[in-house]
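What follows is a single structure, written as C-alpha cells, with notes after it.
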Amino acid sequence: MNTHDHFRELIEAYAIGSLDATERAELEAHLAAGCADCVKALEEARWLVSQLAYLAPNAQPSDMLKGRLLQTVRAEAAAVGQIQQERVRPSGIPWWLWAGVAALLIFSVYSAWNEQQLRSAVANLQQQAEAQRAERQKLDQELLAAKTQAHEAMIWSDPKSKKIMLQPKDPKMPQLEAMWHPELGLCVRGWKVPNPGEKRMLQLWLISKKSGKPMPSMTFWPDSKGTFSAMVENPPDTMSDTQALAITEEPMGGSPQPTSAPMWVGGVS
Amino acid sequence: MFLAIFSPKGNDEVSPDATLMQQLLRKDVSAFEQLYERHSRIVYSLVLRILRQGTTAEEVVQDVFLQLWRNSARYDLSRPFVPWLLTLARNRALDHLRLKSERQRRREEQTEEFPQIATAAPEYEKALDEKRRAERVRSLMGSLPAAQKKAIELAYFEGLSHSEIAASLHEPLGTVKSWIRNGLLRLKEGLQAAS
Chain C
-10 MNTHDHFREL
0 IEAYAIGSLD
10 ATERAELEAH
20 LAAGCADCVK
30 ALEEARWLVS
40 QLAYLAPNAQ
50 PSDMLKGRLL
60 QTVRAEAAAV
70 GQIQQERVRP
80 SGIPWWLWAG
90 VAALLIFSVY
100 SAWNEQQLRS
110 AVANLQQQAE
120 AQRAERQKLD
130 QELLAAKTQA
140 HEAMIWSDPK
150 SKKIMLQPKD
160 PKMPQLEAMW
170 HPELGLCVRG
180 WKVPNPGEKR
190 MLQLWLISKK
200 SGKPMPSMTF
210 WPDSKGTFSA
220 MVENPPDTMS
230 DTQALAITEE
240 PMGGSPQPTS
250 APMWVGGVS
Chain U
16 MFLAIFSPKG
26 NDEVSPDATL
36 MQQLLRKDVS
46 AFEQLYERHS
56 RIVYSLVLRI
66 LRQGTTAEEV
76 VQDVFLQLWR
86 NSARYDLSRP
96 FVPWLLTLAR
106 NRALDHLRLK
116 SERQRRREEQ
126 TEEFPQIATA
136 APEYEKALDE
146 KRRAERVRSL
156 MGSLPAAQKK
166 AIELAYFEGL
176 SHSEIAASLH
186 EPLGTVKSWI
196 RNGLLRLKEG
206 LQAAS
C-alpha cells in the first residue's frame, strides 16, 4: 500500500473524529499538502458521518426553547430594524441637520458644564498651591530652626569657643553663660530667668575695649519656664575688641542705647 | 416523523434551506422560525443522545440556532445545509460534554468555533428524501454486528478515539479501526443502493 492509499483509508475515521493524535496530524499534513482526491473524499465522508445523527432516538424539544429563541431573535431583529429605520426615516428636515442641532446642543451643555468643572478645578488647584506654600514655609522654618540649633551646638562644643559667665547684679537672679566662637558667633543662655514683663525684653550689649561704649546686639526673652537660648552669628564687634558683655531690660524691639542699668555683666578678656 | 422533508432537487434549484439562510442575512425572523421548525427535532435528538440530559441539550440547541441566526453570513450557501448543521450541533454537544478535558482540547484543534467544514453531498443523496434516508441509516446500522455498531456509536456520539474505543470494548486497536471504516463504507454502499 502506498502512502496515499494509507491516508485514504484514514479519511472516514478522520471525518468521524476517531483518529488518534499521531495519525490525525499525519493526515492533516497530507490534506494541507493539497491532495485533491483525499480532500474530496473527506467532504463526502463528512456528509456520510452526519447521517449517523439519524441513529439518535427521536426527541422533541420543549415549546419553551422555541419561545426563548424567538424572543431573542425578535429582539435582535428589532434592534437592527430600528437602526435601519432611523437611517431611512422620511422627514422634511434632513437627518444630518437634526444631528447637527443635537450636536450643537450637546456641545453647549457640555461647554457650560466644562467651564464649571474648570473653575472648580482651578479653585482646587489654588487651594492646593496655598496649602503647599504653607507646608513649604513650615518646612523652611523647621529647617532653619534645625540649622540654628546645629549652629548653636557647634559654638557651644567647639574648642575654639571662649566661655564667658555673666554675673547678675541682683544676687537673687541666676547666673547666665555665653560662648563666643571667633568664626561662628556668640551664644547666650540662661535658666530660671524672670520674665521682663509686658512689652519688655532683654537685650545684649558688647562693651567696646577702645571706647567703652555699649554696642547693641540681639534681643530676647525667656520662655514661661525662664529658659532662653540666643545666638548672634555676626556680633557687631570681634571678641578681641570687646572687654565685656552686658544685658539690660529694654522696651519691646530693643534700644540703640541702654535705657536701664545692666542686669548681668561678664568680662570677655 | 421529521418535520423537515428534504425534496430532491435538480442541479439548478436552490434548496429551501439555502433560501432561508439567505433570508437570515436580512435578519428575517420568519425564515429563522422556518429553519427551526424544519431542523430543531433532529438537532435536539442528536444533542440529547450525546448529552443524555434534556435541560443541557436544550441549552446547546439554543446556542446552535443562535449561532445560525447571528453568523448566517459565514455559512457557505453552496454546501448542503443539514449535514453542516448536524456537524455544528454534534461538535457543540461534544464540547459541552468534555469541557476542559483532553478530548475538548483535541476537538478544539479539529474544529473552529463556527465550523467552515466543507461537506459534499454525494449524488445518491438527492434520490432519497430525508425521511427515507433516516430510515435507511437506521436499518443499515442496525444490521451491523453489535460490537461494530457500538464502536461507531462510541466514535460518533461520545467522540472517542480509536484507542479509547479499543480500551472501552477490550478489543484490539486494528479491529476497532477496521470496524469504524468498514461500518461507514457499508453505510455509504447501503445509501447508494437505496437510491
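The listed protein sequences derive, respectively, from chains C and U.
Using our numbering, you'd call the opening residue of the first sequence number -10 and step up by one each time.
Using our numbering, you'd call the opening residue of the second sequence number 16 and step up by one each time.
We put the CB at the ideal spot given by N, CA and C, even for glycine.
| query | Is the CB-CB distance between valine 221/C and glycine 174/C below 8 Å? | reply | Less than 8 Å separates the beta-carbon of valine 221/C from that of glycine 174/C.
| In chain order, each beta strand (DSSP E) run of at least 3 residues that lies wholly inside the region 167 to 196 of chain C | Within the region 167 to 196 of chain C, the complete beta strand (DSSP E) runs of at least 3 residues are 174 to 179.
| said: Taking the straight line between their C-alpha atoms, what separation do you get for aspartate 144/U and leucine 206/U? | reply: Cα-Cα distance, rounded: 11 Å.
| query | If you measure from the beta carbon of aspartate 9/C to each beta carbon in chain U, is any gap under 8 Å? | reply | Judged by the 8 Å Cβ criterion, aspartate 9/C is in contact with chain U.
| request: Decide if proline 203/C is buried, meaning its Cβ has at least 16 other Cβ atoms within 10 Å, or exposed. | output: It counts as buried.
| said: Going by C-alpha to C-alpha distance, which of Asn(-9)/C, His170/C, Asp(-6)/C and Pro46/C sits closest to glutamate 150/U? | reply: With distances taken between CA atoms, glutamate 150/U lies nearest to Pro46/C out of Asn(-9)/C, His170/C, Asp(-6)/C and Pro46/C.
| query | Is it right to say tryptophan 87/C is buried, meaning 16 or more other beta carbons lie within 10 angstroms of its own, or is it exposed? | reply | When all chains shown are included, tryptophan 87/C counts as exposed.
| query | Is the CB of glutamate 173/U under 8 Å away from at least one CB in chain C? | reply | No, glutamate 173/U does not count as interfacial toward chain C.
| What separation, rounded to the nearest whole angstrom, lies between the Cα atoms of glycine 69/U and leucine 63/U? | Using only the alpha carbons, I get a separation of about 6 Å.
| query | Which runs of the beta strand (DSSP E) spanning at least 3 residues fall entirely within the region 10 to 82 of chain C, listed in chain order? | reply | As far as the region 10 to 82 of chain C is concerned, it has no whole beta strand (DSSP E) run of at least 3 residues.
| request: Can you pull the chain U residues whose beta carbon is under 9 Å from the beta carbon of leucine 59/C, in chain order? | output: Simply Val44, Phe47, Glu48 and Tyr51.
| request: Indicate whether at least one CB of chain U lies closer than 8 Å to the CB of serine 51/C. | output: At least one CB of chain U lies nearer than 8 Å to the CB of serine 51/C.
| Contact residues within the region 48 to 82 of chain U, judged by C-beta distance below 7 Å to chain C | Within the region 48 to 82 of chain U, those residues whose Cβ lies closer than 7 Å to any Cβ of chain C are, in chain order, Glu48, Tyr51, Ser55, Arg56, Ile57, Tyr59, Ser60, Leu61, Leu63, Arg64, Glu73, Val76, Gln77, Phe80 and Leu81.
| message | As an exercise, report each continuous beta strand (DSSP E) stretch of at least 3 residues that is fully enclosed by the region 95 to 160 of chain C, in chain order. | response | The region 95 to 160 of chain C contains these whole beta strand (DSSP E) runs: 151 to 157.
| Thinking just about the alpha-carbon of each residue, which of Thr11/C, Ser39/C, Lys29/C and Leu132/C is nearest to the one in valine 97/U? | Considering only alpha carbons, the answer is Ser39/C.
| Excluding five sequence neighbours on each side, which residues of the same chain lie with their C-beta closer than 7 Å to the C-beta of histidine 19/C? | Taken in chain order, the residues that qualify are Phe(-4) and Cys27.
| Cβ of glutamate 104/C within 8 Å of any chain U Cβ | Judged by the 8 Å Cβ criterion, glutamate 104/C is not in contact with chain U.
| query | Is there a Cβ from chain C that is less than 8 Å from the Cβ of leucine 200/U? | reply | A Cβ of chain C is located within less than 8 Å of the beta carbon of leucine 200/U.
| In chain C, what lies closer than 9 Å to histidine 177/U by C-beta? | Chain C residues near histidine 177/U: Ala2, Ser7, Leu8, Asp9 and Glu12.
| query | Under 8 Å between the Cβ atoms of tryptophan 253/C and proline 157/C? | reply | Yes, Cβ-Cβ distance for tryptophan 253/C and proline 157/C is below 8 Å.
| said: Give me the chain C residues within the contact set of methionine 156/U, using Cβ-Cβ distance strictly less than 8 Å, ordered along the chain. | reply: Per Cβ cutoff of 8 Å: Leu41 and Leu44.
| message | According to DSSP, simplified to helix, strand and coil, what is proline 31/U? | response | Helix at proline 31/U.
| message | Can you tell me whether tryptophan 87/C is helix, strand or coil according to DSSP? | response | Here tryptophan 87/C sits in helix by DSSP.
| If you draw a straight line from the C-alpha of alanine 68/C to the C-alpha of glycine 56/C, how long is it? | Going by the C-alpha atoms only, they are around 18 Å apart.
| field | Those runs of the beta strand (DSSP E) which lie wholly inside the region 151 to 206 of chain U and span at least 3 residues | value | As far as the region 151 to 206 of chain U is concerned, it has no whole beta strand (DSSP E) run of at least 3 residues.
| query | Since leucine 101/U meets chain C, which of its residues come closer than 7 Å, beta carbon to beta carbon? | reply | The answer, in chain order, is Ser39 and Ala42.
| field | Whole-angstrom C-beta distance between leucine 66/U and alanine 108/U, which should lie under 8 Å | value | So it is a contact: roughly 6 Å between Cβ atoms.
| task | Examine chain D for any beta-carbon lying closer than 8 Å to the beta-carbon of tryptophan 87/C, and answer yes or no. | result | Among the protein chains in the structure shown, which are C and U, there is no chain D.
| Cβ of arginine 113/U versus every heavy atom of the ligand GTP: is any distance shorter than 7 Å? | As presented, the structure is devoid of all ligands, the ligand GTP included, so that no description of it is given.
| How close, in whole Å, do the beta carbons of glycine 179/C and proline 163/C come, if the pair is a contact with beta carbons under 8 Å? | So it is a contact: roughly 6 Å between Cβ atoms.
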